[in-house]
Amino acid sequence: PTTNVLDYDVDSGRDLDIFDINEEAGLNLVEGDIVLDERQTRNS
Amino acid sequence: IIGDEYRWPKTIPYYMEDDLEINAKGVILKAFEQYRLKTCIDFKPWSGEANYISIFKGGGCFSSVGNRRVGKQSLSIGSNCDRIATIEHEFLHALGFWHEQSRADRDDYVNIMWDRISEGKEHNFNTYNDNTSSSLGVPYDYGSMMHYSKNAFRNGTEPTIVTKIPAFSDVIGQRMEFSDSDLLKLHRLYNCTQGSTFLDSCDFERENICGMIQGQGDKADWVRVAKADGGPNTDYSNMGKCTGSGYFMHFSTGTANTGDTALLESRLLYPKRGYQCLQFFYYNSAGPSDSLKIHVREYDNANPNGKLRFIKTIDGSPQDLWQLHHVSLDVKKKFRVVFQGTKEGSGTFAGGQSLDDINLSETTCPEFIWRVKNFSHVMENTPTNTSIFSPPFTSKEGYTFQMELYPSGKAGSPGELSAYAHLVAREGDTGQIWPCPWKQITMMLMDQHPHIQKRMSNQRSVTTDPNMKATDSDRFFWDDPRKVGVEVTHTDGSKYFRGPGSGTAVYLTHLRAKSRDFIKGGDAIFLLTMEDVSHLTVTQPLPSTTQQPVTTAVTTTVTTAPINLCLSVQCLNNGVCMVDEGKAACRCVVGDDWWYYGDSCQYKGSIMDKTTLALASSLSVLGVMLLVTAVSVICLKKKYKKHANNSSVVMENISA
Numbered sequence: 450p451t452t453n454v455l456d457y458d459v460d461s462g463r464d465l466d467i468f469d470i471n472e473e474a475g476l477n478l479v480e481g482d483i484v485l486d487e488r489q490t491r492n493s
Numbered sequence: 031i032i033g034d035e036y037r038w039p040k041t042i043p044y045y046m047e048d049d050l051e052i053n054a055k056g057v058i059l060k061a062f063e064q065y066r067l068k069t070c071i072d073f074k075p076w077s078g079e080a081n082y083i084s085i086f087k088g089g090g091c092f093s094s095v096g097n098r099r100v101g102k103q104s105l106s107i108g109s110n111c112d113r114i115a116t117i118e119h120e121f122l123h124a125l126g127f128w129h130e131q132s133r134a135d136r137d138d139y140v141n142i143m144w145d146r147i148s149e150g151k152e153h154n155f156n157t158y159n160d161n162t163s164s165s166l167g168v169p170y171d172y173g174s175m176m177h178y179s180k181n182a183f184r185n186g187t188e189p190t191i192v193t194k195i196p197a198f199s200d201v202i203g204q205r206m207e208f209s210d211s212d213l214l215k216l217h218r219l220y221n222c223t224q225g226s227t228f229l230d231s232c233d234f235e236r237e238n239i240c241g242m243i244q245g246q247g248d249k250a251d252w253v254r255v256a257k258a259d260g261g262p263n264t265d266y267s268n269m270g271k272c273t274g275s276g277y278f279m280h281f282s283t284g285t286a287n288t289g290d291t292a293l294l295e296s297r298l299l300y301p302k303r304g305y306q307c308l309q310f311f312y313y314n315s316a317g318p319s320d321s322l323k324i325h326v327r328e329y330d331n332a333n334p335n336g337k338l339r340f341i342k343t344i345d346g347s348p349q350d351l352w353q354l355h356h357v358s359l360d361v362k363k364k365f366r367v368v369f370q371g372t373k374e375g376s377g378t379f380a381g382g383q384s385l386d387d388i389n390l391s392e393t394t395c396p397e398f399i400w401r402v403k404n405f406s407h408v409m410e411n412t413p414t415n416t417s418i419f420s421p422p423f424t425s426k427e428g429y430t431f432q433m434e435l436y437p438s439g440k441a442g443s444p445g446e447l448s449a450y451a452h453l454v455a456r457e458g459d460t461g462q463i464w465p466c467p468w469k470q471i472t473m474m475l476m477d478q479h480p481h482i483q484k485r486m487s488n489q490r491s492v493t494t495d496p497n498m499k500a501t502d503s504d505r506f507f508w509d510d511p512r513k514v515g516v517e518v519t520h521t522d523g524s525k526y527f528r529g530p531g532s533g534t535a536v537y538l539t540h541l542r543a544k545s546r547d548f549i550k551g552g553d554a555i556f557l558l559t560m561e562d563v564s565h566l567t568v569t570q571p572l573p574s575t576t577q578q579p580v581t582t583a584v585t586t587t588v589t590t591a592p593i594n595l596c597l598s599v600q601c602l603n604n605g606v607c608m609v610d611e612g613k614a615a616c617r618c619v620v621g622d623d624w625w626y627y628g629d630s631c632q633y634k635g636s637i638m639d640k641t642t643l644a645l646a647s648s649l650s651v652l653g654v655m656l657l658v659t660a661v662s663v664i665c666l667k668k669k670y671k672k673h674a675n676n677s678s679v680v681m682e683n684i685s686a
């Protein structure tokens, strides 16, 4: 075998919760991960 | 959320969009299996039902709350969302659950530190009042998988949520598995009676031993004890922690005669899927030649008393510890599981065969067990960035793999367990395809709770994408370890090649690893599986109803439009273009209480609109009536006033 292939970290070393992931994606959803439909949006 | 209109049917149609990552698709199916094992919710591929959940790769992980009855209801499992608990969390939203800390009584249990919340994010800590949200009679659940973590939306380094009971401050925000209360709420919301793939579980704590019976025709019996001569000294369920409990079943081969057998049979079980996994803990203090065999007794018209069918012999020499065993079954008719202990040897001694914590479910068994002894000690005393390896396991898929564990975390991740999966190849291995195509490797740290439905095991999966390149290299990551790996000398002196590892540095925190029954009797158990997921690279077929001819009520047969006719027509809101008497027309989507209409289905009507219309017209009639009344009253008033004036004239010179 030639030079070492590095291990791969699927989380890039960060323990991101659902809300962190969405926040980094700029989603700005209600309570971090809830999508409202029109009626709910109007109410809220 | 309160309201029957938000409920889904117990079997939810789903459609996995093409853009989902393959690993995510595999983990979604595992999440569905957890729902089937622990709840009455089932999932089935969309076959044209009016409402279904479309799972796609969006920018993050999100869902609507409840059944929105919009036909295609989207649920996003984007990058980094492919953890089983994240997927279960988003599906609990879709089933109608909000976050735990948004309950109406939230402030009884936690303090929200408003000044530590990021600006503009305060609304995320709103609560719902108890006529829109119900806690279903379940106490506040710090361990809910729907609870925010203590640092959610913080603007600095201090927690935004402080539990009033300090012991729960690090419990909130677990994202491992359903908590008992999560399941209880779901059962109450959907009137569940039992999990669809769960068959049986027994820890022998009750004298009825879960309805198990002594088999007929044997010479000896299994006995329910809390301790046995020759071992074990304690059961496995509670490890002897509680006085007056901690029972298991024991067959004392030491005192039996040579050739004696003891049969222990489960109650009658009724399979649905045709495949099962029997899992149990076995303590072997019997003679080296004594055997434990697993049978099934199957019942049908030809065999009303059941017919015994041998499954396998549990091998392994006596060892003074409780060992976990899995047996795969393939029963398709009413049956019992039968444990047959046999004294093959001779002589009298203290010891025998002991069974505890039996679980049976219609799921596939994990392939391999990696037991790490004295795990607490290992966690505390292994330096950071130092790892241990499981033995190489050769999967039924024809590939050999290993799990690598950093008990004290990889560099930069102190206080964590880090876990990676490596492919392995020996010199001379043949028959594999390289790079390894679409095999999903799952590494589960088992929560050794006696009851399978109450376990909150932690698991992560990685999938061998044959197209994945190694970092900063044009080589394929999952290529032949003999090419991209390093040579390793095994403990027995043999040599093999180990490929690069794929996994996560943040598999589980030490804090959580020390909670529940992840470590029992000092040992930790990892369950490892490799599964073929190549079928998930194929697009999920659309329901046939959208592709077949449709006949309408007016007896003309409408065929799907030839391409050119429909090009000029655009149907909105998922309308479908059809040719009707030579003309392209849109057929619009209809819901239970709503519908689209118009030439291109651009308008939406609903029963609510009709009601609104009726109300509006009656109000306008009322308005007009009021107007007429007012005008008449005014006129009449004027008239009478005028009349009065006339009669009040002073007749001074009338006669003149």
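Going down the list, the sequences are from chains A and B.
Each residue of the first sequence is one higher than the last, beginning at 450 in the working numbering.
Each residue of the second sequence is one higher than the last, beginning at 31 in the working numbering.
Note that beta-carbon positions come from the ideal geometry of N, C-alpha and C, so glycine has one too.
Computed from a prediction, not measured in an experiment: that's the story for all the values here.
Count the other CB atoms, across all protein chains shown, that sit within 10 Å of the CB of residue i; report buried if there are 16 or more and exposed otherwise.
| i | result |
| --- | --- |
| Asp466 (chain A) | buried |
| Met681 (chain B) | Unreliable placement is indicated for Met681 (chain B), whose pLDDT of 43 sits below 50; the coordinate value is still reported in the next sentence. So Met681 (chain B) counts as exposed. |
| His355 (chain B) | buried |
| Ser347 (chain B) | exposed |
| Gly247 (chain B) | exposed |
| Cys618 (chain B) | buried |
| Leu390 (chain B) | buried |
| Asp477 (chain B) | buried |
| Ala197 (chain B) | exposed |
| Ile58 (chain B) | buried |
| Gln22 (chain B) | It is not possible to answer for residue 22 (chain B), since the shown part of chain B is limited to 31 through 686. |
| Glu457 (chain B) | exposed |
What are the boundary residues of the beta strand (DSSP E) that residue i is part of?
| i | result |
| --- | --- |
| Arg146 (chain B) | Per DSSP, Arg146 (chain B) belongs to no beta strand (DSSP E) and is neither H nor E. |
| Phe527 (chain B) | Lys525 to Thr539 |
| Gln383 (chain B) | Gln383 to Ser391 |
| His452 (chain B) | Glu446 to Ala455 |
| Glu328 (chain B) | Ser321 to Asp330 |
| Ser93 (chain B) | Cys91 to Ser93 |
| Pro334 (chain B) | Asn333 to Ile344 |
| Ser358 (chain B) | Gln349 to Leu359 |
| His280 (chain B) | Phe278 to Phe281 |
Applying a beta-carbon distance threshold of less than 9 Å, which residues of chain A neighbour residue i?
| i | result |
| --- | --- |
| Ser532 (chain B) | Asp456, Tyr457, Asp458 and Val459 |
| Ala197 (chain B) | Neighbours of Ala197 (chain B) on chain A: none; closest Cβ ~21 Å, over 9 Å. |
| Ala134 (chain B) | What Ala134 (chain B) touches in chain A: nothing, since even the nearest Cβ is about 15 Å away. |
| Phe92 (chain B) | Ile467, Asn471, Leu476, Leu478, Gly481, Asp482, Ile483 and Val484 |
| His119 (chain B) | Ile467 and Asp482 |
Strictly below 7 Å CB to CB, what residues from chain C border residue i?
| i | result |
| --- | --- |
| Tyr450 (chain B) | Here the protein chains are A and B, and chain C is not one of them. |
Show which residues of chain A have a CB atom less than 8 Å away from the CB atom of residue i.
| i | result |
| --- | --- |
| Val95 (chain B) | Ile483 |
| Cys111 (chain B) | Ile467 and Ile470 |
| His123 (chain B) | Asp482 and Ile483 |
Based on Cα-Cα distance, which residue from the options lies nearest to residue i?
| i | options | result |
| --- | --- | --- |
| Thr688 (chain B) | B:Ser648, B:Trp76, B:Gly375 and B:Ile471 | Since the first residue of chain B shown is 31 and the last is 686, residue 688 (chain B) is not available in this structure. |
| Ala182 (chain B) | B:Val168, B:Ser282, B:Met143 and B:Leu166 | B:Met143 |
| Asn497 (chain B) | B:Ala286, B:Phe506 and B:Ala256 | B:Phe506 |
| Thr41 (chain B) | B:Gln349, B:Glu63 and B:Asp553 | B:Glu63 |
| Gly89 (chain B) | A:Asp460, A:Asn471, A:Val484 and A:Arg463 | A:Asn471 |
| Val408 (chain B) | B:Ile388, B:Gly439 and B:Asp386 | B:Gly439 |
Less than 8 Å between CB atoms is the rule here; does residue i satisfy it with respect to chain B?
| i | result |
| --- | --- |
| Asp464 (chain A) | yes |
Determine the extent of the alpha helix (DSSP H) in which residue i is found, giving its start and end residues.
| i | result |
| --- | --- |
| Ala554 (chain B) | Not the alpha helix (DSSP H): Ala554 (chain B) falls in the beta strand (DSSP E), residues Asp553 to Asp562. |
| Pro75 (chain B) | It is not in any alpha helix (DSSP H) - Pro75 (chain B) instead sits in the beta strand (DSSP E) that spans Asp72 to Pro75. |
| Ile470 (chain A) | Ile467 to Glu473 |
| Gly56 (chain B) | Ile52 to Lys68 |
Would you say residue i reaches chain A, if we count a Cβ-Cβ gap shorter than 8 Å as a contact?
| i | result |
| --- | --- |
| Val516 (chain B) | yes |
| Ala182 (chain B) | yes |
| Arg456 (chain B) | no |
| Asn161 (chain B) | no |
| Gly442 (chain B) | yes |
| Val580 (chain B) | Any answer about Val580 (chain B) is weak, because its pLDDT of 39 lies below 50 and its placement is not dependable; what the coordinates show is given next. With 8 Å as the cut-off, Val580 (chain B) does not count as an interface residue toward chain A. |
| Arg98 (chain B) | yes |
| Phe507 (chain B) | yes |
| Gly89 (chain B) | yes |
| Ser503 (chain B) | yes |
Quick one: list the residues of chain A neighbouring residue i, beta-carbon separation under 7 Å, in chain order.
| i | result |
| --- | --- |
| Arg37 (chain B) | Within chain A, no residue comes near Arg37 (chain B); the closest Cβ sits about 16 Å away, beyond 7 Å. |
| His325 (chain B) | By Cβ distance, chain A contributes nothing, its closest Cβ being about 43 Å from His325 (chain B), past 7 Å. |
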